[in-house]
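Per my numbering, residue 591 is the first one in the sequence shown, and the count goes up by one each step.
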Amino acid sequence: MFYDNIIYNRHLEDSFYELSQLNIEVNEPNKAFLFGVNYVIVSDDQDYRDELDQMFDVKYQSEEQIELEAQLFVVQILFQYLFSQGRLKDAKNYVLHQPQEVQDHRVVRNLLAMCYLYLGEYDTAKALYEALLQEDSTDIYALCHYTLLLYNT
């Protein structure tokens, strides 16, 4: 329920907050912190941010970097959720509605390329994989999926 709320941009504050709290209860501190940071991003609740920093004894250099990492975490979790249910179009649309800085990250571009591949949008997938491999020829995810793409076309 919380995942779908976030995917469809409903009750964002409540969903991120509840996911943070649930992960505290099940002793998943990394998830609790990262969902909590996303809650703070959408709610601007600095008291909760201070509480997270104290609870998890977090030290970091850049506020922007930790926020980007939190957003990337959520995109990956929700992408996996959608992909595992065969909701490839929803996964693609979810990724395409993220802030540009998130979309531009290589991890997210790999996810998007995988969507295009499995949706049969081979030309778009090929262009993304080739760009990823030009940036880093050792990107194992891009290499594996690009090989699969070449095999299927």
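C-beta atoms are modelled at their ideal positions from N, C-alpha and C, and glycine is treated no differently.
None of these values were measured; they are calculated from a predicted model.
Buried or exposed by the 16-neighbour rule on C-beta atoms within 10 Å, applied to H687: exposed
CB contact flag (N742, Y706, <9 Å): no
Cut-off 7 Å between Cβ atoms - residues of its own chain near L668, not counting five sequence neighbours on either side: Y593, I596, I597, Y684
Three-way DSSP call (helix, strand, coil) for H735 in this model: helix
Integer-rounded CB distance, given that F646 should sit under 8 Å from F623: 5 Å
Alpha-carbon spacing of V630 relative to K682, whole angstroms: 25 Å
Extent of the continuous alpha helix (DSSP H) run through L698: Looking at the sequence provided, one finds Val at residue 698 rather than Leu. Taken as a continuous stretch (DSSP letters only), the alpha helix (DSSP H) holding V698 covers 696-708.
Alpha helix (DSSP H) segment containing M645, residue limits: 636-646
Distance, D726 Cα to F673 Cα: 25 Å
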